[in-house]
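Residue numbers (UniProt numbering): 1 to 104.
If you want it as structure tokens, here you go:
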């Protein structure tokens, strides 16, 4: 696999992550999960005052970008932040793409 192909794949992954972060509702979801830890989808609906269908759409975007994690417990889905992904998103991982020769 060539370097340009690897760069395209990496850039596409970051594009997906930043698209997921570029919405006010999704940022609110992230804030709630950051404050509360693992939260049931039923509670998120009430906290964010969003219809279930809209909330599901936003959660799907965040899941696909690996920004949040989901665990099914009984009949409910519980969501939490993917701390490793959040912490690394704007730190060394991103710096290595834009400053590959830098010693960070």
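Glycine included, each C-beta is placed from N, C-alpha and C at the ideal position.
Problem set entry | Distance, residue 78 Cα to residue 70 Cα | Cα-Cα distance, rounded: 6 Å.
For this session: Tell me whether residue 17 is buried or exposed, calling it buried when 16 or more other Cβ atoms sit within 10 Å of its Cβ.
Result: Looking at its Cβ environment, which holds 16 or more other Cβ atoms inside 10 Å, residue 17 is buried.
Problem set entry | Terminal residues of the beta strand (DSSP E) in which residue 7 lies | Note, residue 7: premise wrong, no beta strand (DSSP E); alpha helix (DSSP H) at 3-21.
Exercise. Under 8 Å, do residue 26 and residue 62 count as touching if we go by C-beta distance?
Worked result: Their beta carbons are under 8 Å apart, which means residue 26 touches residue 62 by this criterion.
For this session: For residue 73, name the three-state secondary structure that DSSP assigns.
Result: Reduced to three states, the DSSP call for residue 73 is strand.
For this session: Give the range of the alpha helix (DSSP H) segment to which residue 34 is assigned.
Result: Where residue 34 is concerned, the enclosing alpha helix (DSSP H) stretches over 24-36.
Exercise. Straight-line CA distance for residue 38 to residue 86?
Worked result: Those two C-alpha atoms are separated by around 15 Å.
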